[in-house]
Ligand SMILES: [Zn+2]
C-alpha cells in the first residue's frame, strides 16, 4: 500500500510476510510511533516501528464503525 496508512487500534492488518504460525493477519492493539499488534494465528504480541509495519502491510481491514 502506498502513502500513509491511517492505522487505528482494532484494525486487522494483513501482512505481506507470513508469521511462523502460518497467519498473515494481525490485530492492532495500540497505535502510535510504534504499533503493538497481536498475531491472530498464535496470539503472539509484538511492538514494531510504524514505518516497518507500513512497509509490510498488504491490506487493512477496519473492524470498528
Ligand atoms: Zn503467529
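Numbering (this note's numbering), first residue to last: -6 to 58.
From the three backbone atoms N, C-alpha and C, an ideal C-beta is built for every residue, glycine too.
(request) Let me know the secondary structure DSSP gives residue 45 once reduced to three states. (result) helix
Exercise for the section: Taking residue 15 and residue -4 to be in contact with their CB atoms under 8 Å, please state how far apart those CB atoms are, rounded to whole angstroms. Expected result: About 29 Å; that fails the 8 Å criterion.
How about residue 34: is its Cβ closer than 7 Å to a heavy atom in ligand 1? yes
Practice problem: Could you tell me how far apart the beta carbons of residue 60 and residue 1 are, in whole angstroms, since I believe they sit closer than 8 Å? | Solution: There is simply no residue 60 to check, as the chain begins at -6 and stops at 58 in what is shown.
| message | Measuring only the C-alpha atoms, how far is residue 53 from residue 28? | response | 14 Å
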